[in-house]
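*Asks:* Got a structure for you, written out below as structure tokens; questions coming shortly.
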């Protein structure tokens, strides 16, 4: 049994990465799926998986982070577990430049 556990642990540890964010980092927040619940006006496969980016205000321990949320999320508690956060990487190629007509 111990041998099987050590084999499984070695496979799992290869893919596991410790997530750590700094105060001031921008992160996306994962929208927790709930069957049949409508989020952001859409249901099922078309709903957003992540929202944001939001700024990290404070690290409260090893795993929880306090985030700066906009006023429209005033009813949501602003402390989140590290497992539902994803680092925001700014990509200038996604910015559209346009010239006014």
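Numbering (the numbering used here), first residue to last: 1 to 101.
C-beta: ideal position from N, C-alpha, C; glycine also.
Note that the structure is a prediction, hence the values are computed from the model and not measured.
1) Have a look at 86, 99, 90 and 22 and flag the residue whose alpha-carbon is nearest the alpha-carbon of residue 29.
2) Can you pull the DSSP bridge partners for residue 65?
3) Among 4, 80 and 31, whose alpha-carbon lies nearest the alpha-carbon of residue 55?
4) For residue 89, which of 61, 27, 13 and 62 has the nearest alpha-carbon?
*Replies:* Let's see:
1) 86
2) 59 and 80
3) 80
4) 27
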